[in-house]
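So the structure is just underneath, and the comments pick up after that.
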Amino acid sequence: MGLFDRTLEYIDQLQHAGTAAAVCERLLGITSSFGLTALMAGTVPQPGTPRGRQKQHVMLCDWPGEWLERYVARNYVDHDPVVSHMKQLQAPFQWRDASKNALIDKNSDEVMGDAREFKLRDGLAFPLVTLDGQIVMVSLGGESVELSDAEFGMVSLASTYAIGRAMQLHTKADSVIDHIELTARERECLQWAAVGKSEWEISQILGISEHTSEKHLLNAKSKLGAANRVQAVAEAIRRGYIS
Amino acid sequence: MLFALTTQELMERPDLWEAVHRLRYKIFVEEMGWTDLDRPDQLEIDQFDHDEAEHHLVIRNGELAGYQRMLPTTRPHLLTDVLSDLCEGPSPSGPNVWELTRYAVAPGFRDGKRGVSTVGTELIAGFVEWGLKRNVNQVIIEFEPMWVLRALQLHFLATPLGYQRTYGNQQVVATLLTFTEHTLDVVRARRNHHLPVLNRGYPGLLGLKQAS
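As they're listed, the protein sequences go chains A and B.
Note that this note's numbering has the first sequence beginning at 12, numbered continuously upward.
Note that this note's numbering has the second sequence beginning at 68, numbered continuously upward.
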């Protein structure tokens, strides 16, 4: 079988993967013979994203676990030469080319030096841009990377389809979480809050205690993932729970 | 508002015809630097603007905001005649397969920095609607690899036709996109716009802003 037919077969397998873990496994199955044994893919956090939120950007991960912990703990994403190279370049590249350009930054040196401890000496990175303009990167690493131009072509295609599949699975998972159950009382309270009623006024209208109306609004706020009442009302309107 | 016109129909409206070829020049020659398409009259026209080509025009506020050209694969097209090194195997062809070329959004209509503008997604909704109406369910596109990801986000079934290659400073990969009614639903849901975008007939004269 020719290399391209094999590529098509791999892509077909990737498109039928049912979980992110299966996508990871199949992609690494393709790339490990070229020395690419670790994988990380996801959207790229804005500089300064709090550490607690950085992991939410990860969609595919078969990276040494300790390395991921350290990467997040030390906020390496803001100093990783691979990440900054990718933001400028918008085309696939090899890690070693990224570190060449970034020798001036001491912190970048630290990132790459640390990566080597985890047997991540070199790798390939594929930046892409989603429909909404978010940068997505697939990064594959290992001890030494050895591949021909055609094999590089195969790995880029496989990486693109892998992250595409991961995003499809991600949105599916999101839409499950996305389904929010608001109780009738919570909806009522929100509806009155939307027309500017205070908690006390709401309690009078609905014939409940002020404390209870406050509790309903707090519950609704947290279910809607809102930071405050105004945002909760806006979100409830957007989702069509209240009008 | 998207209008699908044959080359003949386009030529019957000199204002539209000129706007189309001028926009293509601006984007493909000036922005993308495809210098083999350069012409002194600053209109971009090639051998595929034949009488079986179909032109999709998005009109916003009396201006040409977006454009794409559909070519039948039952006669020579870009993948067979110009970009054949993008295709590894036999290139797909048949009455249900068309090639989408010259996808363009005019500079004033690119909202957002990197994402796809509403004119951009209207073009996508437009070719899917147009295809489903005439039993076309597959489209060949030569585009940047990030569009593969975007196509998958919109629930197209995507199949590569070859490896990606570098042209100038651009990466290009030929891809076959297959779509169904479900794809159209996803595209519409993404756009938050569920009404058909494809219009009958001709748009009004360019430059005349319509009261909305």
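The beta-carbon is built from N, C-alpha and C at its ideal position, and this holds for glycine as well.
Please read these numbers as outputs of a predicted model, since none were measured by experiment.
When you compare only the Cα positions, how much space is there between residue i and residue j?
{"i": "B/Asn187", "j": "B/Val172", "result": "Before going on, a small fix: residue 187 of chain B reads as Gly here, not Asn. B/Gly187 and B/Val172: Cα-Cα distance of roughly 6 Å."}
{"i": "A/Gln57", "j": "B/Thr141", "result": "47 Å"}
{"i": "B/Ala256", "j": "B/Leu273", "result": "30 Å"}
{"i": "B/Val195", "j": "B/Val254", "result": "9 Å"}
{"i": "B/Glu85", "j": "B/Asn204", "result": "30 Å"}
{"i": "A/Pro92", "j": "A/Met178", "result": "25 Å"}
{"i": "A/Arg176", "j": "A/Leu39", "result": "15 Å"}
{"i": "A/Gly218", "j": "A/Asn230", "result": "19 Å"}
{"i": "B/Phe176", "j": "B/Ser184", "result": "7 Å"}
{"i": "B/Gln231", "j": "A/Phe104", "result": "13 Å"}
{"i": "A/Lys234", "j": "A/Glu197", "result": "10 Å"}
{"i": "A/Arg127", "j": "A/Thr42", "result": "19 Å"}
{"i": "B/Gly198", "j": "B/Tyr269", "result": "19 Å"}
{"i": "B/Lys93", "j": "B/Gln109", "result": "8 Å"}
{"i": "B/Glu121", "j": "A/Ile22", "result": "32 Å"}
{"i": "B/Asp178", "j": "A/Gly144", "result": "11 Å"}
{"i": "A/Ala28", "j": "A/Val34", "result": "6 Å"}
{"i": "B/Pro139", "j": "A/Ala169", "result": "29 Å"}
{"i": "A/Tyr172", "j": "B/Thr147", "result": "25 Å"}
{"i": "A/Ser167", "j": "A/Met70", "result": "17 Å"}
{"i": "B/Arg80", "j": "B/Tyr170", "result": "21 Å"}
{"i": "B/Phe223", "j": "B/Lys200", "result": "17 Å"}
{"i": "A/Ser159", "j": "A/Thr18", "result": "14 Å"}
{"i": "A/Ile248", "j": "A/Asn239", "result": "14 Å"}
{"i": "A/Asp120", "j": "A/Asp89", "result": "13 Å"}
{"i": "B/Leu150", "j": "B/Gln238", "result": "13 Å"}
{"i": "B/Asn163", "j": "A/Ala52", "result": "36 Å"}
{"i": "B/Ala132", "j": "B/Ile191", "result": "14 Å"}
If we define contact as Cβ-Cβ less than 9 Å, is residue i a contact residue for chain B?
{"i": "A/Ala102", "result": "yes"}
{"i": "A/Leu19", "result": "yes"}
{"i": "A/Gly13", "result": "yes"}
{"i": "A/Ile22", "result": "yes"}
{"i": "A/Phe137", "result": "yes"}
{"i": "A/Gln26", "result": "yes"}
{"i": "A/Thr54", "result": "no"}
{"i": "A/Thr194", "result": "no"}
{"i": "A/Thr182", "result": "yes"}
{"i": "A/Val187", "result": "With a pLDDT of 47 at A/Val187, under the threshold of 50, the modelled position of that residue is not reliable, and the figure given next carries that caveat. Judged by the 9 Å Cβ criterion, A/Val187 is not in contact with chain B."}
Going by the DSSP bridge assignment, what does residue i pair with across the sheet?
{"i": "B/Pro227", "result": "B/Thr242"}
{"i": "B/Phe210", "result": "B/Val240"}
{"i": "B/Arg232", "result": "B/Val239"}
{"i": "A/Ile41", "result": "Note: A/Ile41 sits in no beta bridge, so no partner."}
{"i": "B/Asn266", "result": "B/Phe70"}
{"i": "B/Glu121", "result": "B/Thr73 and B/Met137"}
{"i": "B/Thr147", "result": "B/Thr147 is not bridged to any residue."}
{"i": "B/Arg127", "result": "B/Glu130"}
{"i": "A/Ser150", "result": "A/Met51 and A/Ala136"}
{"i": "B/Thr168", "result": "B/Arg136"}
{"i": "A/Gln105", "result": "A/Leu135"}
Compute the minimum distance between the beta carbon of residue i and the heavy atoms of the ligand PLP, and state whether it is under 8 Å.
{"i": "A/Glu162", "result": "Absence of the ligand PLP from the depicted structure is noted, as is the absence of any ligand whatsoever, leaving it without description."}
In the DSSP assignment, find the unbroken beta strand (DSSP E) run with residue i in it and report its ends.
{"i": "B/Phe176", "result": "Note, B/Phe176: premise wrong, no beta strand (DSSP E); not H, not E."}
{"i": "A/Ala72", "result": "Strictly speaking, residue 72 of chain A in this sequence is Cys, with Ala absent from that position. Segment Val69 to Asp73, the beta strand (DSSP E) holding A/Cys72."}
{"i": "B/Ser184", "result": "Note, B/Ser184: premise wrong, no beta strand (DSSP E); not H, not E."}
{"i": "A/Asp133", "result": "Asp133 to Val140"}
{"i": "A/Ser233", "result": "Run containing A/Ser233: none in the beta strand (DSSP E); it sits in the alpha helix (DSSP H), Glu221 to Lys234."}
Give a yes or no on whether 9 Å exceeds the smallest Cβ distance from residue i to chain A.
{"i": "B/Met213", "result": "yes"}
{"i": "B/Ala218", "result": "yes"}
{"i": "B/Thr147", "result": "no"}
{"i": "B/Pro193", "result": "According to the sequence as given, residue 193 of chain B is Gly; it is not Pro. No, no contact with chain A."}
{"i": "B/Val54", "result": "Outside the shown range of chain B (68 to 279) lies residue 54 of chain B, about which nothing can therefore be said."}
{"i": "B/Thr73", "result": "no"}
{"i": "B/Ser279", "result": "Model confidence at B/Ser279 stands at a pLDDT of 47, short of 50, so the residue's coordinates are unreliable; what they give is reported in the following sentence. No, B/Ser279 lies away from the interface with chain A (no Cβ there is under 9 Å from its Cβ)."}
{"i": "B/Val183", "result": "yes"}
{"i": "B/Gly222", "result": "Reading the sequence as shown, one finds His at residue 222 of chain B and not Gly. Answer yes: the Cβ-Cβ gap between B/His222 and chain A drops below 9 Å somewhere."}
{"i": "B/Thr188", "result": "yes"}
Ends of the alpha helix (DSSP H) at residue i?
{"i": "A/Asp23", "result": "Leu14 to Gln26"}
{"i": "A/Ser214", "result": "Glu210 to Leu217"}
{"i": "A/Asp91", "result": "Here A/Asp91 belongs to no alpha helix (DSSP H), and DSSP marks it neither H nor E."}
{"i": "A/Ala52", "result": "Premise fails: A/Ala52 lies in the beta strand (DSSP E), Ala49 to Thr54, not in any alpha helix (DSSP H)."}
{"i": "B/Arg201", "result": "Here B/Arg201 belongs to no alpha helix (DSSP H), and DSSP marks it neither H nor E."}
{"i": "B/Arg91", "result": "Pro81 to Arg91"}
{"i": "A/Leu79", "result": "Gly76 to Ala84"}
{"i": "B/His249", "result": "Glu248 to Arg258"}
{"i": "A/Ile257", "result": "This structure gives no information on residue 257 of chain A, because the portion of chain A shown stretches from 12 to 254."}
{"i": "A/Arg62", "result": "Arg62 to Gln65"}
Output, in sequence order along the chain, the residues in the region 140-168 of chain A whose CB is closer than 9 Å to any CB in chain B. Val140, Thr141, Leu142, Asp143, Gly144, Gln145, Ile146, Val147, Asp160, Ala161, Phe163, Gly164, Met165, Ser167 and Leu168
At a Cβ cut of 8 Å, what residues of the region 169-180 of chain A count as close to chain B, listed as they run along the chain? Thr171, Tyr172, Ile174, Gly175, Arg176, Met178 and Gln179
Check each residue of the region 226-259 of chain B: if its Cβ is closer than 9 Å to any Cβ of chain A, include it; give the result in chain order. Thr226, Pro227, Gly229, Tyr230, Gln231, Arg232, Thr233, Asn236, Gln237, Gln238, Val240 and Arg257
If you measure beta-carbon to beta-carbon, which residues of the region 152-180 of chain B are closer than 8 Å to chain A? Glu155, Gly156, Gly179 and Lys180
Taking only beta carbons into account, state which residues of the region 120-147 of chain B come closer than 7 Å to chain A, listed in chain order. none
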